[in-house]
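Report on the following structure.
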Amino acid sequence: MAEINYIRCETNKKGRSYAEVARQTGIDSRTVKKYSDMEDFNPKEPIKQKRRSPVMDPSNLLSMNG
């Protein structure tokens, strides 16, 4: 978290470029931009997706042959 705060301070308050901060920290410039633009630091909850049964699962085969 300290590294994210450092990146945000360097880019937002001191006006350094993403590339400059990336070279300084050894982090990819896209990651520096992501951290700099980030406002919500809470991890997002994963979206649960319903799994569909396969078209030809074994239980369907039994009922078809029955």
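Add 155 to a position in the sequence shown, counting from 1, and you land on the number used in the working numbering. All residues carry an ideal CB built from backbone N, CA and C; glycine is no exception. Treat the numbers as computed from the prediction; the structure is a model and nothing was measured.
C-alpha gap between residue i and residue j, whole angstroms
i	j	result
Lys169	Asn197	25 Å
Per-residue DSSP class, three states only, for residue i
i	result
Asp192	helix
Asn197	coil
Lys169	coil
Glu159	This sequence places Ile at residue 159; Glu is not what is there. Helix at Ile159.
Gln179	helix
With 16 other Cβ atoms within 10 Å as the buried cut-off, status of residue i
i	result
Glu165	buried
Ile144	The chain is shown only over 156 to 221; residue 144 falls outside these bounds and no answer can be derived.
Residue i: CB within 8 Å of a non-hydrogen atom of the ligand ATP
i	result
Arg178	The ligand ATP is absent from the structure shown, which contains no ligands of any kind.
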